[in-house]
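Q: If you scroll down you'll find the structure; I have some questions about it.
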Amino acid sequence: MDQDGLAEIFTDQAEWRRQKAKEHPEDARNLEAARHLDMLAQSAKGVDQSLITAAEELYEDIPDIEIWNEMLRQVGVWTFPSSAEDFLREFISKRSSGR
């Protein structure tokens with residue numbers, strides 16, 4: 037994965053949140069989450085490749101995938117990473133402490 041791939045992950049998740057916002061217009065959290073994910077996608081352009089590679093190396097089995105997906109679902113609703121770099125560092129921290 038590179039910066040563009042990381043940005044695409046956040047963009048895809050933002051689109052999923054926008055779809056959920058259409059399905060549940062009474063829940064403003066989905067649009068707020070989509071905006072936050074869009075911000076993370078923009079910030080992905082500045083993430084050092086070594087950090088992306090470090091996160092990718094930890095992403096190797098089902099527990100890792102589940103943690104990654106859960107973290108994505110929580111963005112903008114329960115968690116508010118300030119950048120894509122912060123998101124990756126949190127993932128690395130969670131995976132490293134779980135080993």
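Heads up: the sequence shown runs through residues 37 to 135, numbered per my numbering. The C-beta atom is built at its ideal place from N, Cα and C for all residues, glycine as well.
#1: Nearest-angstrom Cα distance between residue 67 and residue 54?
#2: Report all residues from its chain with a CB closer than 7 Å to the CB of residue 90; omit the five preceding and five following residues, and keep chain order.
#3: Between the region 69-83 and the region 92-102, do at least 3 Cβ pairs fall closer than 8 Å?
#4: Nearest to residue 43 by CA position, among 70, 77 and 64, is which residue?
#5: Taking the continuous alpha helix (DSSP H) assigned at residue 40, which residues delimit it?
A: In this structure, then:
#1: 6 Å
#2: 128
#3: no
#4: 77
#5: 39-59
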